[in-house]
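Undergrad:
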Amino acid sequence: MHVQEWLENVPAVSIYLLVGLVIGLESLGIPLPGEIILVSSALLASQHGEIDPLVLGACATTGAIVGDSIGYAIGRRGGKPLLAWLGRKFPKHFGPHHVATAERSFERWGMWAVFFGRFVALLRIFAGPLAGVLKMPYWKFAIANVLGGIVWAGGTTAVIYYVGIVAEAWLKRFSWLGLVVAVLFGIGSMVVIRRRSRKTEAQHAAAQGEPLASSAQTPDTSREEAGGSAAEAPAEAGAATGGDTAGGREAVPAAERTD
Numbered sequence: 001m002h003v004q005e006w007l008e009n010v011p012a013v014s015i016y017l018l019v020g021l022v023i024g025l026e027s028l029g030i031p032l033p034g035e036i037i038l039v040s041s042a043l044l045a046s047q048h049g050e051i052d053p054l055v056l057g058a059c060a061t062t063g064a065i066v067g068d069s070i071g072y073a074i075g076r077r078g079g080k081p082l083l084a085w086l087g088r089k090f091p092k093h094f095g096p097h098h099v100a101t102a103e104r105s106f107e108r109w110g111m112w113a114v115f116f117g118r119f120v121a122l123l124r125i126f127a128g129p130l131a132g133v134l135k136m137p138y139w140k141f142a143i144a145n146v147l148g149g150i151v152w153a154g155g156t157t158a159v160i161y162y163v164g165i166v167a168e169a170w171l172k173r174f175s176w177l178g179l180v181v182a183v184l185f186g187i188g189s190m191v192v193i194r195r196r197s198r199k200t201e202a203q204h205a206a207a208q209g210e211p212l213a214s215s216a217q218t219p220d221t222s223r224e225e226a227g228g229s230a231a232e233a234p235a236e237a238g239a240a241t242g243g244d245t246a247g248g249r250e251a252v253p254a255a256e257r258t259d
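The sequence shown lines up with residues 1 to 259 when you count with the working numbering.
(1) Going by the CB atoms, is the gap between Arg76 and Gly110 shorter than 8 Å?
(2) Pick out the complete alpha helix (DSSP H) segments inside the region 61-144, 4 residues or longer, and give them in chain order.
(3) Quick one: is Tyr162 buried, meaning 16 or more other Cβ sit within 10 Å of its Cβ, or exposed?
(4) By Cβ distance below 7 Å, which residues in the same chain neighbour Leu83 in space, the five residues on each side in sequence not counted?
(5) Rounded to the nearest angstrom, how far is the Cβ of Ser27 from that of Gly67, given a contact under 8 Å?
(6) Just to confirm the assignment, what range does the alpha helix (DSSP H) spanning Ile15 have?
(7) I need the boundaries of the alpha helix (DSSP H) containing Val39, first residue and last residue.
(8) Please return the same chain residues whose Cβ sits closer than 6 Å to the Cβ of Ala42, not counting the five positions on each side in sequence.
(9) Tell me whether Gly49 is buried or exposed, calling it buried when 16 or more other Cβ atoms sit within 10 Å of its Cβ.
(10) Of the choices Ala45, Ala144, Val191, Val19, whose alpha-carbon is the least far from that of Arg118?
(11) Give me the Cα-Cα distance between Glu107 and Lys135, rounded to the nearest whole angstrom.
(12) For Phe115, which residues of its own chain have a beta-carbon under 6 Å away from its beta-carbon, when the five flanking residues on both sides are left out?
(13) Quick check: what's the CA-CA separation for Pro96 versus Val166?
(14) Would you mind stating whether Leu122 and Gly29 have Cβ atoms separated by less than 8 Å?
(15) In angstroms, rounded to a whole number, what distance separates the CA positions of Asp220 and Gly188?
(16) Tell me whether Val191 is buried or exposed, calling it buried when 16 or more other Cβ atoms sit within 10 Å of its Cβ.
(17) Helix, strand or coil for Pro53 per DSSP?
(18) If I measure Cβ to Cβ from Ile23 and keep anything under 6 Å in the same chain, skipping five residues before and after, which residues do I get?
(19) Please determine, among Arg195, Pro81, Ile70, Ala153, the residue with the shortest C-alpha to C-alpha distance to Ala142.
(20) Do you know how far the Cα of Ala127 is from the Cα of Thr101?
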């Protein structure tokens, strides 16, 4: 059953609780479709008057902020072993490559990685626990967490709600064909963006792999040079010894002739 079809049979209060719970667990570090639930609920609110978009946005915002805060506390207490455990449990979301990407984002943006991470699926799961693991000061995390939760959860609810209202009015004037074209265009844009982001990540990973390869080749080169020097040393020593011996052989007959 489609998510939106299932939500249509759920009471409004249950939808509020469901949205807050799923988004909270996702923010805590558990891979769940929080954004899909939020978007579907906001669209449902635009079609059914019993669902209040303000209450829905407030529940989503609360779940995001509280979940991230709990994730921060768990990450600060668990440290790196926690990330290793999550990597074994959820390799598709917490693999070494994902952790490295998230860590680079935190190193580059600091507290703003928590804020902007709300709008990126990978960082939305990582933000709280990783900020705790990296020992980010809590006051910085709290500011970015609250601002990010309000802008992402509240903003997404408002935008999708009004898009649903406009889409309904637009469909009454035009046809479903236009909606299909718009949806296909949106899906195509998302596919292009994802492919470009994956290509960028692959290029970045390849750029990081080149220094490692060159450093791995350096010891072999050093050993070859050392081996060559060692091979040359005995040869030179042998040549010197041979020269001395030859000189000795020539010196003895000279002495005998003197006698």
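Using N, Cα and C, we set each Cβ at its ideal position, and we do this for glycine too.
Computed from a predicted model, the values in this text were never measured in an experiment.
TA: If we stick to the structure as given:
(1) no
(2) 91-94, 96-109, 112-117, 121-133
(3) exposed
(4) Phe94, Val99, Val133
(5) 3 Å
(6) 12-28
(7) 34-47
(8) Thr157, Ile160, Tyr161
(9) exposed
(10) Ala144
(11) 12 Å
(12) Ala144, Leu147, Gly148
(13) 43 Å
(14) no
(15) Residue placement at Asp220 cannot be trusted, given a pLDDT of 48 that sits under 50; what the coordinates show is reported in the next sentence. Approximately 48 Å, taken between the alpha carbons.
(16) exposed
(17) helix
(18) Gly34, Ala60, Gly63, Ala64
(19) Ile70
(20) 12 Å
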